[in-house]
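In the working numbering, the protein residues as written are 24 to 345.
Following: one structure in structure tokens, then a few remarks.
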Ligand code: COA
């Protein structure tokens with residue numbers, strides 16, 4: 024049986040940092056409110072001329088270097104994002120070309136904040152069938168470009184960034200189990216109202232803003248994440264006590280704490296970046312994973328559970344040994 028294994032990770036965060044104190048100057052909010060309700064203290068924000076592929080290229084270079092592979096080895100590129108550079112060509116082809124990766128399978132997928140989990144699960148399946156020998160998998164977002172900076176309900180939550188992983192076949196796991204889910208009945212609770220075939224004329228107007236019923240999102244997120252985490256554990260026959268690390272989607276410290284409690288995991292076993300990154304949507308999990316690996320906390324052979332939840336709603340989890 025062939026498994027897939029992450030052998031290198033990387034991340035990129037835009038240089039510009041916006042603190043809660045900066046936000047106090049533009050909307051009616053306080054550092055105290057944002058920290059208490061969300062855990063966010065600062066976030067990185069792209070420049071107007073910076074694109075999602077710009078960030079992906081930098082994150083991918085670091086992952087490629089960490090994995091010790093050559094760009095010529097890569098034969099699959101998948102990017103989870105809801106803020107691609109263009110509608111077409113898809114962002115993975117732009118990244119493939121910019122990195123000098125030879126022509127290969129390259130596509131992007133939209134699952135909002137669950138984008139990386141969906142992309143990694145897809146790469147896992149490509150590798151298990153024998154079709155892929157080396158995958159570059161990314162989660163990236165210029166989500167602040169969708170944010171209305173006059174809406175305190177949403178603008179305090181988000182940040183930009185990109186995370187990347189190199190995934191290769193392995194005789195041993197690697198990825199042990201994956202679980203994905205989605206239910207469009209929740210669309211109204213969290214969505215962006217402008218698309219290429221929907222109200223395109225609203226683009227650039229006050230109506231083009233993330234629409235969210237925060238309280239309701241919170242409740243469904245906690246319930247659904249608990250179930251999807253358990254599903255990955257059950258599929259693998261692994262108990263929560265065996266877990267070394269939880270690498271959660273970094274939307275809100277209170278959602279993360281609720282998840283950690285359900286899994287009986289103390290804070291020391293949870294990788295937290297929400298304070299520094301905010302909610303970077305699809306980039307959140309791969310960047311947190313990279314932080315945990317690069318600072319030496321997540322060690323080779325340890326059991327890691329990643330989970331995410333996003334607009335759609337979509338949700339998913341991946342259980343793996345590093
Ligand atoms: N600063 C100060 N006050 C704010 C504020 C801000 N940035 N944003 C909202 N408020 C106010 C509201 O207007 C409301 O005031 P009111 O009682 O006078 O009407 C009050 O704070 C409470 O709002 P509420 O929405 O009930 O707060 P909350 O405790 O639910 O926290 C969120 C709001 C958004 C932080 C929280 O619901 C959340 O994180 N939800 C999940 C969102 C999420 O994860 N989305 C992405 C999923 S991938």
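Backbone N, C-alpha and C define an ideal beta-carbon position, used for all residues, glycine too.
These figures come from a predicted structure and were not determined experimentally.
(request) Please report how far the alpha carbon of residue 124 lies from the alpha carbon of residue 86, in whole angstroms. (result) 14 Å
(request) Starting from the N-terminal side, write out each stretch of the alpha helix (DSSP H) that is 4 residues or longer and does not extend beyond the stretch 101-189. (result) 114-122, 138-151 and 175-178
(request) Name the one or two DSSP bridge partners that residue 42 has. (result) 65
(message) If you measure between the beta carbons of residue 62 and residue 298, is that distance less than 8 Å?
(response) yes
(request) Pull up the distance between the alpha-carbon of residue 151 and that of residue 221, whole angstroms please. (result) 37 Å
(message) If the criterion is Cβ atoms closer than 8 Å, does the pair residue 243 and residue 149 meet it?
(response) no
(request) Just confirm the distance between the C-beta atoms of residue 135 and residue 304, as a whole number of angstroms; I'd bet it's less than 8 Å. (result) 6 Å
(request) Count the other C-beta atoms from every protein chain shown that fall within 10 angstroms of the C-beta of residue 144, then say buried if there are 16 or more, exposed otherwise. (result) buried
(request) Please determine if the stretch 273-289 and the stretch 226-233 are in contact, where contact requires at least 3 C-beta pairs separated by less than 8 Å. (result) no
(request) Tell me whether residue 166 counts as near the ligand COA, meaning its Cβ is closer than 7 Å to at least one heavy atom of that ligand. (result) no
(request) Would you kindly work out how many angstroms separate the C-alpha atoms of residue 111 and residue 104, rounded to a whole number? (result) 13 Å
(message) If you measure between the beta carbons of residue 166 and residue 74, is that distance less than 8 Å?
(response) no
(request) Go ahead and label residue 49 buried or exposed: buried means 16 or more other beta carbons lie within 10 angstroms of its beta carbon, across all protein chains shown. (result) exposed
(request) Name the residue from 77, 153 and 83 whose alpha carbon lies nearest to the alpha carbon of residue 309. (result) 83
(message) Under 5 Å, CB to any heavy atom of the ligand COA. Which residues pass, going along the chain?
(response) 52, 56, 60, 61, 136, 175, 176, 179, 237, 238, 240, 241, 274, 275 and 333
(request) Starting from the C-beta of residue 225, find all residues in its chain whose C-beta is less than 7 Å away, skip the five residues before and the five after it, and write them out in chain order. (result) 216, 217 and 231
(request) Per DSSP, which residues does residue 337 bridge with? Please list them. (result) 205 and 333
(message) Quick check: what's the CA-CA separation for residue 31 versus residue 204?
(response) 26 Å
(request) Could you check which residue in 146, 183 and 287 has the C-alpha nearest to that of residue 191? (result) 146
(message) By DSSP's criteria, residue 198 is part of a beta bridge. Which residues make up the other side?
(response) 343
(message) Rounding to the nearest angstrom, what Cα-Cα distance links residue 109 and residue 126 in this structure?
(response) 19 Å
(request) Pull up the DSSP beta-bridge partners for residue 93, would you. (result) For residue 93, which the question treats as bridged, DSSP gives no partner whatsoever.
(request) Reducing DSSP to helix, strand and coil, say where residue 49 ends up. (result) coil
(request) State the CB to CB distance for the pair residue 24 and residue 198, rounded to an integer number of angstroms; the pair is presumed to be in contact (CB under 8 Å). (result) Their Cβ separation, rounded to whole angstroms, is 12 Å, which puts residue 24 and residue 198 out of contact at 8 Å.
(request) Compute the Euclidean distance between the alpha carbons of residue 168 and residue 269, then round it to the nearest angstrom. (result) 29 Å
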